[in-house]
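To convert, note that position 131 of the sequence shown is 131 in UniProt numbering; the numbers rise steadily by one, no gaps.
First the structure, in the form of structure tokens, and then the observations on it.
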Amino acid sequence: MIDEKEFIQQLLDPKTQNTAFQKLISDYQKPLYSHIRNIVLNHDDADDVLQNTFVKVFQYLKNFKGESKLFSWMYRIATNEALTFLNQKAKLKGITSEDLQNKTIDNLKSDAYFDGDEIQIKLQKAIVTLPEKQQLVFKMKYFQELKYEEIAEILSTSVGALKASYHHAVKKIELYVTTN
């Protein structure tokens, strides 16, 4: 298997760039889509954000210093793109991000790409009540089963802080689910 530094060189070399970028997309498209979809909830929005993410990765790869894993760097870009997208969409509609997410959850049942049930919708409604950081930590840990170390690298925070955020998020979700 090719090591990450060598792969990054292939991504930066005009002779190997296209092939390497196709491999990057094929390797990361599904996990990044899943991560973005967990944040924006809507399939079409997730596709748009995923496309923007790969554009930014391609655009800024020359600035990647290798201080984190390529995976973490791309997830950070995807996270920022998804949050920016939500904030801009909410602003355009003149509502808060939380109101936008609640409307999106209400529309999930009619989304052909959503295969969850009432429990999943209730869980999504509970997640929306959390502060943004707790939402991200919970979604990355619960849905994507990322390790705390990976999440810490993506969100540029400590493992201890993430464990506390996750714990608080779980408690708030449990309370929401039992009282609603």
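Cβ atoms here follow ideal geometry from the backbone N, Cα and C, with glycine treated the same way.
At a cut of 8 Å, does the segment 68 to 84 reach the segment 39 to 59 through at least three beta carbon pairs? Below 8 Å, enough C-beta pairs join the segment 68 to 84 and the segment 39 to 59 to call them touching: three or more.
State the Cα-Cα distance for the pair Lys91 and Asp3, rounded to the nearest angstrom. Those two C-alpha atoms are separated by around 42 Å.
Give the DSSP-derived three-state secondary structure of Ile95 in the structure shown. Coil.
I'd like the list of long-range same chain contacts for Val137, defined as Cβ closer than 7 Å, with 5 residues on each side in sequence excluded. Excluding positions up to five away in sequence, the list reads Ile151, Leu162, Ser165, Tyr166, Ala169.
Inter-residue Cα distance where the pair is His35 and Tyr75: Going from the Cα of His35 to the Cα of Tyr75 covers about 8 Å.
To which residues of the same chain is Met140 closer than 6 Å at the C-beta, ignoring the five residues directly before and after it? Non-local beta-carbon contacts of Met140 in its own chain, meaning distances under 6 Å to residues more than five positions away in sequence, involve Leu146, Ile151 in chain order.
Consult DSSP for Lys139 and reduce its assignment to one of helix, strand or coil. For Lys139, the secondary structure class from DSSP, reduced to helix, strand or coil, is helix.
Can you check which of these residues, Lys89, Leu123, Thr157, is closest to Tyr142 by C-alpha distance? Closest option to Tyr142, Cα to Cα, is Leu123.
Would the beta-carbon of Leu41 fall within 8 Å of that of Ile119? Going by beta carbons, Leu41 and Ile119 fall outside the 8 Å limit.
Rounded distance between the beta-carbons of Ile127 and Ala82, thought under 8 Å: The pair is not a contact, with the Cβ atoms about 14 Å apart (cut-off 8 Å).
Straight-line CA distance for Ala78 to Leu24? Each residue's CA atom was taken as its position, placing Ala78 and Leu24 some 14 Å apart.
Got a sec: is the Cβ-Cβ distance from Phe138 to anything in chain C below 8 Å? The structure shown contains no chain C; it holds only a single protein chain.
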